[in-house]
Amino acid sequence: MKLYTGPTTPFGRKAGIVAREHGIAVEEEVCNPFESGDLAGLNPLKLIPVLVLDDGAVLHDSHLICEYLDSIGAGPTLYPEAGRWLWRTRMMVGHGLADASVQLRLQQVLPEAEQSDTLKARYQGRMARAVAALEKEADALTQGAMRMVSVVI
Ligand SMILES: N[C@@H](CCC(=O)N[C@@H](CS)C(=O)NCC(=O)O)C(=O)O
Numbered sequence: 001m002k003l004y005t006g007p008t009t010p011f012g013r014k015a016g017i018v019a020r021e022h023g024i025a026v027e028e029e030v031c032n033p034f035e036s037g038d039l040a041g042l043n044p045l046k047l048i049p050v051l052v053l054d055d056g057a058v059l060h061d062s063h064l065i066c067e068y069l070d071s072i073g074a075g076p077t078l079y080p081e082a083g084r085w086l087w088r089t090r091m092m093v094g095h096g097l098a099d100a101s102v103q104l105r106l107q108q109v110l111p112e113a114e115q116s117d118t119l120k121a122r123y124q125g126r127m128a129r130a131v132a133a134l135e136k137e138a139d140a141l142t143q144g145a146m147r148m149v150s151v152v153i
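Numbering (our numbering), first residue to last: 1 to 153.
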């Protein structure tokens, strides 16, 4: 199977980690979502990561890709039942942190006249609150069996 990903995407990185944790061979195809026209044919949202299975089926969004890889992987699941609503909520804080950092960077690379100070401040505030919240619980979240929350943060 082939994972369309990029050198700086936190979402593609997450999918690659899950594949490696489970010993699943995945060919990585580096793709720039801002340039590659082919990507829209695989994912109408034109976002990476995208996973193309050996039978040609296409999965997109890192949440779905990670759960799929976990479901076919060998070894312990990264989605254990114990405490799942709590740790999955914290995982979403980590995901939102990554998303805000991507959005902030997208603002910063726009021509200056097109950048929004309001949006940049909103993303920076979200990131600061997410880091502070995760920092408080970092030890508890990363102790014991490896779970997706550790992969994300
Ligand atoms: N919810 C999606 C987010 C994917 C996403 O935002 N990917 C970024 C790269 S980090 C992208 O492809 N951006 C292209 C764009 O914004 O046009 C996921 O978790 O896979």
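Built from N, CA and C at the ideal position, the CB exists for glycine as well.
Short Cβ contact (9 Å threshold) for residue i with residue j
i	j	result
Tyr-4	Leu-42	yes
Asn-32	Gly-73	no
Leu-97	Val-131	yes
Val-18	Met-148	yes
Leu-51	Leu-39	no
Ala-133	Val-93	yes
Whole-angstrom distance between residue j and residue i, CA atom to CA atom
i	j	result
Leu-53	Ile-153	27 Å
Glu-81	Ala-113	48 Å
Val-28	Leu-110	Checking the sequence shown, residue 28 turns out to be Glu, not Val. Taking the straight line joining both Cα atoms gives about 28 Å.
Ser-62	Glu-137	24 Å
Ile-65	Glu-21	14 Å
Glu-35	Pro-10	18 Å
Thr-8	Pro-49	11 Å
Asp-55	Val-30	21 Å
Pro-44	Gly-16	22 Å
Residue i, buried or exposed, once every other Cβ within 10 Å from all chains shown has been counted against 16
i	result
Trp-87	buried
Ala-100	buried
Ser-116	exposed
Ala-140	exposed
Gly-12	buried
Neighbourhood of residue i by C-beta, 7 Å cutoff - its chain only, sequence neighbours within 5 removed
i	result
Lys-120	Leu-104, Gln-107
6 Å Cβ shell around residue i - same chain, five flanking residues per side excluded
i	result
Tyr-123	Ala-100, Gln-103, Leu-104
Same chain, Cβ closer than 8 Å to residue i, five either side skipped, listed in chain order
i	result
Ser-150	Leu-141, Thr-142
**Prompt:** Could you name the residues, in chain order, whose CB is less than 5 Å away from a heavy atom belonging to ligand 2?
**Reply:** Only ligand 1 can be found as ligands here, which leaves ligand 2 out of the picture.
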